[in-house]
Amino acid sequence: MESPFKPDILKGKVALLTGGGSGIGFEISTQFGKHGASIAIMGRRKNVIDDAVSALRSLGIPAVGFEGDVRRREDAERVVEATVKHFGKLDILVNAAAGNFLVAAEDLSPNGFKTVLDIDSVGTFTMCHEALKYLKKGAPGRSSSTGGFILNISATLHYTASWYQIHVSAAKAAVDAMTRNLALEWGTDYDIRVNGIAPGPISDTTGLSKLLPQEINHNSRDKMPLYKVGEKWDIAMASVYLASYAGKYINGTTMPVDGGLWLSQPRH
Ligand code: HXC
1 MESPFKPDIL KGKVALLTGG GSGIGFEIST QFGKHGASIA IMGRRKNVID
51 DAVSALRSLG IPAVGFEGDV RRREDAERVV EATVKHFGKL DILVNAAAGN
101 FLVAAEDLSP NGFKTVLDID SVGTFTMCHE ALKYLKKGAP GRSSSTGGFI
151 LNISATLHYT ASWYQIHVSA AKAAVDAMTR NLALEWGTDY DIRVNGIAPG
201 PISDTTGLSK LLPQEINHNS RDKMPLYKVG EKWDIAMASV YLASYAGKYI
251 NGTTMPVDGG LWLSQPRH
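The sequence shown runs 1 to 268 under full-length UniProt numbering.
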C-alpha cells in the first residue's frame, strides 16, 4: 500500500530496530527506509537478519544487520556501537523484539514468566540505556538542540486482562511505564522523545496467527469496532508519523493502533 507521507520525512535519520528483521519490526524497518532512513537491524536469528537486510538493500535502502539478544547487555552495547560505527550516528531506536506464547498462569513456570519479562521489559530498558549516549542532543552526529527518538512496541493486553498471557501483559505494562518515565527524564534532560505503539490483531504476525485465534472468528463483529484485522502497514505508518517531525510534541504516550478493539465489550 502506498504511503501518504512524503518519501523524505525521515531523510538522513539512522534507525536501529530490535526484532527489525521479521513481522511488525520488519515492516517498520521497510517503511522507515522508504521514507529516507538508514536501517540497522538487531535479531537473534542470523538467517532472518540476512534475508531482511537483502530485502531492504534491494529497495535501495542503506541497511545493515547485527546478531544479538536484547537479554545480553554486552550484545546491546556491541550492536549500538556497531550501528554508530557503520552509519556515524543514531537517531531512532525501535524496541520491537518480543517473546510470547500462550499458557495458563498455573502452568507457567516462574522462569517462563521471567524469560518474557527479560526479553520485552528488561531488554527494552537495556537497549534504551545503551543507546542513550548517542540519542542525547549534542551526541556524535547530532545537533546540540535536538535529541533522538525511542519507540517501544507494546500491546493492549494489560489495559484489561488477557487469557493465558499473564507474562506478556506484565511485560508490556512495564514497557508502558518505561515509556512514560524515560519520556519524562530524558525529554527533560536530553530532548529525547519516547513513545509507544500498542498494536491490536495484525495479519501475518506471530501474535495473530498463533496467539489470538479466538479474536478473529465469525462472531467477531460485536467485539471489533472496525471489524477489521489490522495490517503491519498500519503500525508502520503510525511509527513513521511518531518518528517524524510531525510528532515533535508527542512524548510519553503509547498509541493503541487496534481499530478500537480494546474498548469493546460484547453487546447485551
Ligand atoms: C509454557 C514455556 C513455553 C510455552 C517456553 N516456556 N515456551 N512455558 N509454554 N509455550 C518456558 C520454558 O519452559 C522455560 O521455563 C522458559 O520459558 C524459557 O524457555 P526457553 O525455551 O529456554 O527460552 P528461549 O529459548 O529463550 O525462548 C524464548 C521464548 C520463545 C520467548 C520462550 O518462545 C521465543 O523467543 N519465541 C519467539 C518470539 C515470538 O514469539 N515473537 C512474537 C512475539 S508476538 P522453565 O521453567 O521450563 O525453565 C508478541 C505479541 C504480543 O509479543 C501481543 C499479542 C496480542
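Virtual Cβ for every residue (Gly too), placed ideally from N, Cα, C.
Simplified DSSP assignment, three categories, for residue i
{"i": "T115", "result": "helix"}
{"i": "S38", "result": "strand"}
{"i": "E27", "result": "helix"}
{"i": "F101", "result": "coil"}
{"i": "residue 280", "result": "Here the chain has residues from 1 to 268 only, and residue 280 is not among them."}
{"i": "T124", "result": "helix"}
{"i": "V229", "result": "coil"}
{"i": "I235", "result": "helix"}
{"i": "I49", "result": "helix"}
Exposure of residue i, with buried meaning 16 or more beta-carbon neighbours within 10 Å
{"i": "L242", "result": "buried"}
{"i": "T160", "result": "exposed"}
{"i": "K46", "result": "exposed"}
{"i": "T83", "result": "buried"}
{"i": "Y134", "result": "buried"}
{"i": "A238", "result": "buried"}
{"i": "E130", "result": "buried"}
{"i": "M178", "result": "buried"}
{"i": "F27", "result": "Before going further, note that residue 27 is Glu rather than Phe in the sequence given. Counting Cβ neighbours within 10 Å, E27 comes out buried, since at least 16 surround it."}
{"i": "N111", "result": "exposed"}
{"i": "A98", "result": "buried"}
{"i": "W163", "result": "exposed"}
{"i": "G138", "result": "exposed"}
{"i": "N195", "result": "buried"}
{"i": "L263", "result": "exposed"}
{"i": "S109", "result": "exposed"}
{"i": "M42", "result": "buried"}
{"i": "Y249", "result": "exposed"}
{"i": "K232", "result": "buried"}
{"i": "A246", "result": "exposed"}
Boundaries of the beta strand (DSSP E) in which residue i is found, first to last residue
{"i": "A15", "result": "V14 to T18"}
{"i": "N95", "result": "I92 to N95"}
{"i": "N152", "result": "F149 to I153"}
{"i": "R44", "result": "That residue, R44, is in no beta strand (DSSP E); it is neither H nor E in DSSP."}
{"i": "A174", "result": "Counting along the chain, A174 falls outside any beta strand (DSSP E), though it belongs to the alpha helix (DSSP H) covering I166 to Y190."}
{"i": "R193", "result": "R193 to P199"}
{"i": "V257", "result": "T254 to V257"}
Of the listed residues the options, nearest to residue i (C-alpha basis)
{"i": "R73", "options": "G123, S143 and S109", "result": "G123"}
{"i": "T115", "options": "S145, F66, V80 and A170", "result": "A170"}
{"i": "L157", "options": "I49, D258 and T30", "result": "D258"}
{"i": "L261", "options": "A183, P225 and I235", "result": "P225"}
{"i": "M255", "options": "Q265, D91 and I235", "result": "I235"}
{"i": "V14", "options": "P7, G36 and K6", "result": "G36"}
{"i": "V127", "options": "L108, G141, A104 and L151", "result": "Looking at the sequence provided, one finds Met at residue 127 rather than Val. When each option's Cα is compared against that of M127, the closest is L151."}
{"i": "G33", "options": "V48, R44 and K6", "result": "K6"}
{"i": "F101", "options": "G20, N251 and D120", "result": "D120"}
{"i": "N251", "options": "K232, Q31, T188 and I202", "result": "T188"}
{"i": "L208", "options": "D176, I24 and D118", "result": "I24"}
{"i": "L182", "options": "L132, A155, K172 and S143", "result": "L132"}
{"i": "A198", "options": "E77, K172, V70 and P62", "result": "K172"}
{"i": "S144", "options": "I192, V103 and H167", "result": "I192"}
{"i": "G20", "options": "V64, V168 and V175", "result": "V64"}
{"i": "A40", "options": "V80, L184, I166 and K228", "result": "V80"}
For residue i, the first and last residue of its enclosing alpha helix (DSSP H)
{"i": "F5", "result": "Element bounds for F5: n/a, residue is neither H nor E."}
{"i": "V64", "result": "Premise fails: V64 lies in the beta strand (DSSP E), A63 to E67, not in any alpha helix (DSSP H)."}
{"i": "R78", "result": "R73 to F87"}
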